[in-house]
Amino acid sequence: MRALIYTSNASVNRKHREYQQALCLRHAGEKGYTVLDIVYDVGRDRTEMERVLDRARAGEFDVLVTINLARLGRHYPAVRALVDEFEAAGITLYLCDQPVASASQLQLMAVMAAFDASASMSKRIRAGKAG
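Start counting the sequence shown at 1; every next residue gets the next number (full-length UniProt numbering).
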């Protein structure tokens, strides 16, 4: 199967980018996927994700490999919309931390990713006020 690897980070962080890429490449290799490209987004605008969606709609790949749903977004509606778009294009999502996931599992994981992001932000805000 033809695969794209998608990685993202809120800020430029070479080590985290390399970690994500290595983990995704390892999982893709274990599954026997042919990796066509590695796509990396920095920040919240997700401009590269738009290109990935265009490529999905064009049928250029079969599987999107990423570490987890949090790489796709932090808010449930946005992640859900992406999952729906990939499903409509016939793209399988392969999540390294959850290699086998049904649509309902993906929905639950998206809700949990949004909750975790909110909790992490609250913790950072509290830490900043305490410091």
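Idealized CB from N, CA, C, for every residue including glycine.
Bridge partners - residue i, DSSP secondary structure assignment
i      : result
Asp-37 : Leu-4
Leu-93 : Leu-64
Val-42 : Asn-9
Beta-carbon proximity list for residue i, same chain, < 6 Å, skipping 5 on both sides
i      : result
Ser-8  : Asp-41, Arg-71
Glu-48 : Val-39, Asp-41
Ile-91 : Ala-56, Leu-64
Residue i burial status per 10 Å Cβ neighbour count (16 or more: buried)
i      : result
Arg-46 : buried
Ala-28 : buried
Ala-3  : buried
Thr-66 : buried
Spatial neighbours of residue i in its chain, beta-carbon cut-off 7 Å, leaving aside the 5 residues before and after
i      : result
Phe-86 : Ala-56, Leu-64, Leu-93
Leu-53 : Glu-85
His-16 : Asn-9
Sequence-distant residues of its chain with Cβ nearer than 8 Å to residue i (five each side left out)
i           : result
residue 213 : An answer regarding residue 213 cannot be provided, because it is not within the stretch 1 to 131 covered by the chain.
Leu-82      : Met-49, Leu-53, Leu-72, Gly-73
Gly-43      : Ala-10, Ser-11
Leu-36      : Arg-2, Ala-3, Leu-4, Glu-60, Phe-61
Arg-51      : Val-39
residue 132 : A question about residue 132 goes unanswered here, because the residues of the chain that appear run from 1 up to 131.
Boundaries (first-last residue) of the alpha helix (DSSP H) holding residue i
i      : result
Val-52 : 47 to 57
Gly-29 : 14 to 31
Ala-70 : Where Ala-70 is concerned, there is no enclosing alpha helix (DSSP H), given that its DSSP letter is neither H nor E.
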